[in-house]
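*Asks:*
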Amino acid sequence: MSDSHIGQLWPLFWQAAWETTYIVAITLTLGGLLGLLLGLGLYVTRRGGLYASRPVNAVLNVLVNFFRPIPFVIFIAAVQPFARVVVGTGIGNPAIIFALTLAAMFGISRIVEQNLVTVDPGVIEAARSVGASRARIVRTVVLPEALGPLVLGYTFAFVALVDMTAVAGVVGGGGLGNFALQYGFRQFDTVVTWTAVIVIVALVQVVQLAGNVTARRVLRR
Amino acid sequence: MPLVEMTDVRKTFPAATRGGQDVEAIRGVDLTVEAGEIVGVVGYSGAGKSTLVRLINALETTTSGSVRIGGREITTLKERELREVRLGIGMIFQQFNLFRSRTVWGNIAYPLEVAGVAKDERNRRISDLLHFVGLADKAHSHVEQLSGGQKQRVGIARALATNPSLLLADESTSALDPETTQEVLALLRRVNRELGITIIVITHEMDVVRSLAQRVVVMEAGRIVEEGPVLQVLSDPQQPVTRRFVATIVDDEPDPEALAALHSRHAGTFVKLAFRGDDVRQSDVFAELLRHGVTFELVYGGIEEVQGETFGNLTLALDGDPDAVRTAVAAVRDLVPTTELAR
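Line order of the protein sequences matches chains A and B.
To convert, note that position 138 of the first sequence is 1399 in our numbering; the numbers rise steadily by one, no gaps.
To convert, note that position 295 of the second sequence is 296 in our numbering; the numbers rise steadily by one, no gaps.
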């Protein structure tokens, strides 16, 4: 313990913490938005849905089912060629953000779909009965009615994304996970590893708490 | 011109599973509803009554046939035009279907927002409706804080927000206790009387029909099997299904088991007398029996009142000389419809 290098590593540590924060923030925003759209697509095209369509639903399902089970570390490698095209590089944080955004989109789409199916079909019928259009119903009924569970779903997604950033190192990305592996695990420096672990856990706890409080406030309405 | 006119309407749902049987929910229904009426539609679950109302506001599309609302054919309208039609038809539900993400105020505001009503006008309207349904103090309550009866009153206020000419009530009291049911029925009666709104009530509770409707339509297996003024259908049901519904609120005659039990305790001839309206006085009938030297005991039945008219089915055990009983029954038969149940 006494020979830990943690003292010299603080600048790198804060750099890594910042990287984790912005990678997760960007991917949760972008992937969250795309996942919301894809999840809505899955939901509204279901049998009996507002835009029920068997073929569209089947295509979306196959798409999500194809990409979602791929382990993230392999997913990064698999989408690397696309990352080169879209963000101009296959390595570093931009490549990680690209891969993570895609993975988040597929994962979050299922979370969104699962939460939307819990919306009582009766309230959708009530909205239809007063002449609301389908697009209006999605905007003013489906999403507001599912807001509480959606907040919890996105909180869950946040924790999953923090977890997934840990493997960013395979394509030269940074972040706390990479820091823990590089300067803790590979240097046999347990203090460094645990410093990163504690900060990650603290970050997750704070966000989970914020999610719970928000969801409770929304559900009470 | 009738407000609602359905002609040979059919609705078939595709099979739920591939290779399964299509479901014919409505098999050729003709129904006319005049403006200002309250019509009750009764039937067991699966009879097609919920589907029927949803064809009236086009929540479901008809497979064939014609549906006219205020003279306008709606089966050929586009989705956008249907939305206008729906603004003129309010609907309330068994489970109330209120938006939990909105307050009482927000729920009533929803149809007005959809209709594009300006905010000032909207606020005035919501405030009026809240007073009409007696929930002015609950405007900013959340839906979970309301009792079942209060929820349905919010449902009614929401359904009335856009000044519809027709209100569809789908089992609107089935989730409520008897006392609250009476409260909601009284409110619906006011909606009809004070606002002149036509109401179609779907229910499996004959009591709701008796206390609310003027006309009743009985459905079975996707068809209308009997219809007429409530008093007429209650006092003289024709179809077996109608008789079963009527029997839930009107004592007709003892079933065979009850009859046998009664007959073991009371000797003599059993007759059922069907009193209708005020044409025949019971005292005249009883006097006739006594004049023939026949004594009697009332063993089954009751007197009902529907829309100010009384009617009842009374089963009597007659006692006396067999010949006297026979002539007495013949004489009574001239006064009131009489059925001999047992001898």
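Beta carbons are placed, not taken as given, at the ideal position from N, Cα and C, and that holds for glycine.
If distances are taken between C-alpha atoms only, which option among 224/B, 40/B, 25/B and 5/B comes closest to residue 193/B?
*Replies:* Comparing Cα positions, the closest option is 40/B.
*Asks:* Whose C-beta lies closer than 7 Å to the C-beta of residue 151/B among residues of the same chain, with five residues either side of it excluded?
*Replies:* Correct list, in chain order: 136 and 139.
*Asks:* Quick check on the burial criterion: 16 or more other C-beta atoms within 10 angstroms. Buried or exposed for residue 171/B?
*Replies:* The residue in question, residue 171/B, is buried, as its Cβ has 16 or more Cβ neighbours within 10 Å.
*Asks:* Which ranges does the alpha helix (DSSP H) cover as unbroken runs of at least 4 residues, wholly within the segment 1322 to 1409 of chain A, from first to last along the chain?
*Replies:* For the segment 1322 to 1409 of chain A, whole alpha helix (DSSP H) runs of length 4 or above, ordered along the chain, are 1333 to 1339, 1341 to 1348, 1353 to 1377, 1382 to 1390 and 1395 to 1398.
*Asks:* Does chain B have any CB closer than 7 Å to the CB of residue 1403/A?
*Replies:* Not one chain B Cβ lies under 7 Å of residue 1403/A.
*Asks:* If you draw a straight line from the alpha carbon of residue 112/B to that of residue 1392/A, how long is it in whole angstroms?
*Replies:* Approximately 8 Å between the Cα atoms of the pair.
*Asks:* Quick one: is residue 355/B near chain A, going by C-beta distance under 7 Å?
*Replies:* Examination of residue 355/B is not possible in this model, given that chain B is present from 2 through 344 alone.
*Asks:* For residue 323/B, which of helix, strand or coil comes out of DSSP?
*Replies:* If DSSP states are grouped into helix, strand and coil, residue 323/B belongs with the helices.
*Asks:* Name the chain B residues that come within less than 9 Å of residue 1408/A, Cβ to Cβ?
*Replies:* Ordered by position in chain B, the residues that pass the 9 Å Cβ test against residue 1408/A are 102.
*Asks:* Quick check: what's the CA-CA separation for residue 1464/A versus residue 1477/A?
*Replies:* Cα to Cα, residue 1464/A sits roughly 20 Å from residue 1477/A.
*Asks:* Where residue 43/B and residue 124/B are concerned, what is the direct C-alpha to C-alpha distance, given to the nearest angstrom?
*Replies:* If you take the alpha carbons of residue 43/B and residue 124/B, they lie about 37 Å apart.
*Asks:* Is there a Cβ of chain A sitting closer than 7 Å to that of residue 84/B, yes or no?
*Replies:* Yes, contact with chain A.
*Asks:* Can you grab the Cα-Cα spacing for the pair residue 1424/A / residue 1405/A, in whole Å?
*Replies:* Cα to Cα, the separation comes out at about 29 Å.
*Asks:* Under the DSSP definition of a beta bridge, which residues are partnered with residue 301/B?
*Replies:* Beta-bridge pairing links residue 301/B to 316/B.
*Asks:* Mind listing the chain B neighbours of residue 1309/A? Cutoff is C-beta to C-beta under 9 Å, in chain order.
*Replies:* Per Cβ cutoff of 9 Å: no residues; residue 1309/A is ~10 Å from chain B at best.
*Asks:* Note down, in chain order, each residue of its chain lying with its Cβ closer than 7 Å to the Cβ of residue 221/B, except the 5 sequence neighbours on either side.
*Replies:* Hits under 7 Å: 44, 48 and 242.
*Asks:* Using a C-beta to C-beta distance shorter than 9 Å, which residues of chain A count as neighbours of residue 87/B?
*Replies:* In chain order: 1389, 1390, 1391, 1392 and 1393.
*Asks:* Take residue 1479/A and list the residues in its own chain whose beta-carbon comes closer than 8 Å to its own, dropping the five residues that flank it on each side.
*Replies:* Closer than 8 Å at the Cβ level, and outside the excluded window around residue 1479/A, lie 1408, 1409 and 1412.
*Asks:* Write down the C-beta distance between residue 202/B and residue 214/B rounded to the nearest angstrom, noting that I regard them as a contact closer than 8 Å.
*Replies:* Contact holds; Cβ gap of about 6 Å.
*Asks:* For chain B, check one thing: does any of its Cβ atoms lie closer than 7 Å to the Cβ of residue 1293/A?
*Replies:* No, no contact with chain B.
*Asks:* How big is the Cα-Cα spacing for residue 1469/A and residue 1420/A?
*Replies:* Cα to Cα, residue 1469/A sits roughly 8 Å from residue 1420/A.
*Asks:* Where does residue 1311/A fall in DSSP's three states?
*Replies:* Residue 1311/A falls in the coil class under three-state DSSP.
*Asks:* Go through its chain and collect everything with a Cβ distance to residue 228/B's Cβ below 6 Å, but skip five positions before and after it.
*Replies:* Same-chain partners within the cutoff: 218.
*Asks:* Kindly provide the ranges of any beta strand (DSSP E) runs that are 3 or more residues long and lie completely inside the segment 256 to 298 of chain B, ordered along the chain.
*Replies:* With a minimum length of 3 residues, the continuous beta strand (DSSP E) runs that stay inside the segment 256 to 298 of chain B are 270 to 277.
*Asks:* Helix, strand or coil, according to DSSP, for residue 67/B in the structure here?
*Replies:* It is a strand residue.
*Asks:* Verify whether the separation of the beta carbon atoms of residue 211/B and residue 250/B is less than 7 Å.
*Replies:* A contact, by the Cβ cut-off of 7 Å.
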